[in-house]
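Scroll down for the structure; my scribbles are underneath it.
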Amino acid sequence: MANNCGLVSVLGIFLSFTLVHNMVIVSGQNIPSVALFAFGDSNFDAGNRKYLTSATLAQNFWPYGKSRDDPNGKFSDGKIVPVVIADASAQQAFVISVINRLKYNIVMLYSSGASKFVVHNVAPLGCLPIVRQEFNTGNECYEKFNDLAKQHNARLGPMLNELAKAKPGFQFTLFDFYNVILRRTQGNMNYRYSFTNISCCGIGSHNAYGCGFPNVHSKLCEYQRSYLYSDARHNTEKAQESFAHLLFGADPNVVQPINIRELITYPVNEDMSEFWKEPVGDILLLDDGIDVKVSGSM
Ligand SMILES: *[C@@H]1O[C@H](CO)[C@@H](O)[C@H](O)[C@H]1NC(C)=O
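Under mature numbering (1 follows the signal peptide of the UniProt record, and there is no 0), the letters of the sequence shown match residues -28 to -1, 1 to 270, in that order.
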């Protein structure tokens, strides 16, 4: 009974944790720095207690922190809720600062006279051979990095729309590189790659180290056109050819709101009549070179 009451009050306290925005602006980019204060019992101890007592505390020793190879004074094998929330908000601040920087650079180019912009979104970084090898994910992608790329990409289209609406004659097209790579990674047989998880050149579990280094005996695959990745983070010629074709002529499910062929012929100084839209529906795997997105459930 006493325990139940304790639990209820702790939940109450945690729900009222404070996000304090002291209006410090991170390098002029309108990102308020945020301090997170968590109040609660041992479940919410961020590891401060070791500074408050000279007693020996169990939570500073193995197996606490085991999942992170480091006892950190928290009553968990690793992170606790407030820390995970703090990590997520740090990630969000990082993504916002990257997008703001990009926007700033695009506006600089526009001010210098550029008016037609072709933009790639960010690839599923967690699927790069270098990342799979570094994080030992075997045949899986490292989802944390894919999430980061997704967060970035979700803000990219709206940022470009905003510029197109605000700046006379600003035209853009946005290539959905993320899903183009992901489709080839997941359903590689449809796109006629034999290997999408390892690179052609390099050493290590995913051939991800040392391609081209004079002191490394890196492996080189026999037939580069059966690989998506040439080295640990760059695509092969075959892949680049297909991306170029998609950029030039593909449908809005791949390149939005218009493709490069249309962008080139779009009258200069004219405002765009269509804008980037949030893709809806699932991605279908069809025949070679066909990238299709459908709405509804199929
Ligand atoms: C890469 O994919 C191939 C073919 O699907 C598979 O046989 C192999 O185990 C994978 N390699 C790694 C390191 O995940």
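C-beta atoms are modelled at their ideal positions from N, C-alpha and C, and glycine is treated no differently. The structure presented is a predicted model; accordingly, all values stated were derived computationally and were not measured.
DSSP state of residue i mapped onto helix, strand, coil
i           : result
Val56       : helix
Lys88       : strand
Ser26       : coil
Gly(-1)     : Note on Gly(-1): pLDDT 47, under 50, position unreliable in the model; the coordinate value appears next. Residue state, collapsed to three classes: helix.
Thr208      : coil
Val252      : coil
Phe144      : strand
Lys51       : coil
Gly174      : strand
Tyr181      : strand
Lys191      : strand
Phe33       : coil
Val67       : helix
residue 277 : Outside the displayed span of the chain (-28 to 270) sits residue 277, for which this structure offers no information.
Glu213      : helix
Asn162      : helix
Gly19       : coil
Within 8 angstroms, strictly: CB atoms of residue i and residue j
i           : j      : result
Ile170      : Met131 : no
Gly45       : Leu24  : no
Leu235      : Val79  : no
residue 271 : Ala126 : Any answer about residue 271 is impossible in this case: the structure gives the chain only from -28 up to 270.
Phe76       : Gln143 : A small correction: the amino acid at residue 76 is Tyr; Phe does not occupy that position in the sequence shown. Not closer than 8 angstroms, so no.
Tyr36       : Asp17  : no
Gly129      : Glu115 : no
Ile52       : Arg205 : no
Leu200      : Ala216 : no
Ala86       : Met244 : no
Length of the line joining the Cα atoms of residue i and residue j
i       : j      : result
Asn15   : Phe47  : 6 angstroms
Tyr150  : Arg156 : 10 angstroms
Arg21   : Ile57  : 20 angstroms
Phe220  : Glu194 : 30 angstroms
Leu192  : Leu146 : 34 angstroms
Asn133  : Leu74  : 14 angstroms
Arg197  : Gly19  : 52 angstroms
Ser190  : Ala180 : 9 angstroms
Pro54   : Ala60  : 10 angstroms
Thr109  : Glu250 : 30 angstroms
Gly182  : Leu100 : 15 angstroms
Phe247  : Gln228 : 8 angstroms
Ser202  : Phe167 : 10 angstroms
Asn187  : Gly174 : 12 angstroms
Glu213  : His178 : 23 angstroms
Ala62   : Gln123 : 12 angstroms
Ser69   : Ala27  : 42 angstroms
Val(-5) : Phe66  : No answer about Val(-5) holds up, because its pLDDT of 40 lies below 50 and its placement is not dependable.
Val152  : Asp119 : 16 angstroms
Cys172  : Tyr165 : 12 angstroms
Val252  : Glu209 : 31 angstroms
Ser83   : Val226 : 28 angstroms
Leu81   : Ala222 : 26 angstroms
Pro224  : Gly184 : 38 angstroms
Where the beta strand (DSSP E) containing residue i begins and where it ends
i      : result
Ile230 : Here Ile230 belongs to no beta strand (DSSP E), and DSSP marks it neither H nor E.
Leu200 : 199 to 201
Asn169 : 167 to 171
Host alpha helix (DSSP H) of residue i (start-end)
i      : result
Thr157 : 149 to 158
Phe117 : 115 to 138
Glu112 : Careful: Glu112 lies outside any alpha helix (DSSP H) and carries neither H nor E.
Gln105 : 101 to 106
CB-CB length for residue i against residue j, believed under 8 angstroms
i      : j      : result
Gly176 : Gln64  : Gly176 to Gln64, Cβ: 32 angstroms. No contact.
Asn241 : Gly141 : 4 angstroms
Asp148 : Asn207 : Going by Cβ atoms, the distance from Asp148 to Asn207 rounds to 15 angstroms, so no, they are not a contact pair.
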